[in-house]
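Below is one structure, written out as structure tokens, with a few remarks after it.
Numbering (our numbering), first residue to last: 298 to 529.
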């Protein structure tokens, strides 16, 4: 806020010519000379008058002094008191007195998205399936029983007991297997498989059933032992 007020007041006190000169001071000397020559060549009506030459020389001199790093006279320094009135100073002082470092730290805080876990992703997909509360409880228990590598190694009978003791849900193995079929339809393909054979079959079933895919399904389903031992 203070910088904006300073900039506004400073611009109000500078003439357009002075503003243009300040912009020219930002240009390197050799580029400024080239720019003047190009302007004169493009517009023959312009003439390098003595006044313009003197003004240009002054710009070059100021530019060289700035590049040499010489200190300016204290009389040429910007006096902030000329551009600050009492109201501005009061606003600045009030803001300074009420400064709270915690506010600044909070403003710098950038929210970092937390990566969704494997099981959270499965629960999210479960939420898109229509089922009653009982079925959902069984499906959630199944998802919670899946290992991080995607396999369901816990026996179905053990999951029946888990539901009875932890969820107070009495379910049969048939009900659990039916809902396991639902979970095995989630992504990634192969999730919820109980062994490698079932995992491969689940992935193949997701593919377009071409002749090659159908043959692969037959090999994995009926000749898995020979396939793993490379008895082709």
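Backbone N, C-alpha and C define an ideal beta-carbon position, used for all residues, glycine too.
Can you give me the C-alpha to C-alpha distance between residue i and residue j, rounded to a whole angstrom?
i, j, result
"residue 509", "residue 491", "25 Å"
"residue 467", "residue 435", "10 Å"
"residue 485", "residue 426", "16 Å"
"residue 430", "residue 527", "46 Å"
"residue 419", "residue 433", "12 Å"
"residue 391", "residue 441", "In this prediction, residue 391 scores a pLDDT of 47, lower than 50, which makes its location untrustworthy; the coordinate-derived value is nonetheless stated afterwards. Cα-Cα distance, rounded: 57 Å."
"residue 520", "residue 453", "25 Å"
"residue 478", "residue 428", "14 Å"
"residue 465", "residue 515", "41 Å"
"residue 462", "residue 506", "42 Å"
"residue 424", "residue 414", "15 Å"
"residue 460", "residue 443", "15 Å"
"residue 513", "residue 422", "28 Å"
"residue 457", "residue 473", "8 Å"
"residue 448", "residue 489", "5 Å"
"residue 445", "residue 411", "18 Å"
"residue 330", "residue 336", "10 Å"
"residue 416", "residue 522", "31 Å"
"residue 504", "residue 511", "10 Å"
"residue 524", "residue 502", "18 Å"
"residue 470", "residue 500", "24 Å"
"residue 339", "residue 332", "10 Å"
"residue 451", "residue 437", "14 Å"
I think residue i touches residue j, with their Cβ atoms under 8 Å apart; what is that distance to the nearest whole Å?
i, j, result
"residue 498", "residue 480", "Contact doesn't hold; Cβ gap of about 15 Å is too wide."
"residue 439", "residue 476", "6 Å"
"residue 487", "residue 496", "4 Å"
How is residue i classed by DSSP in three states: helix, strand or coil?
i, result
"residue 476", "helix"
"residue 411", "coil"
"residue 427", "coil"
"residue 434", "helix"
"residue 481", "coil"
"residue 503", "helix"
"residue 508", "helix"
"residue 469", "coil"
"residue 439", "helix"
"residue 449", "coil"
"residue 494", "helix"
"residue 526", "coil"
"residue 516", "helix"
"residue 327", "helix"
"residue 488", "coil"
"residue 458", "helix"
Can a CB atom of chain C be found closer than 9 Å to the CB of residue i?
i, result
"residue 332", "Absent from the structure: chain C. Only one protein chain is present."
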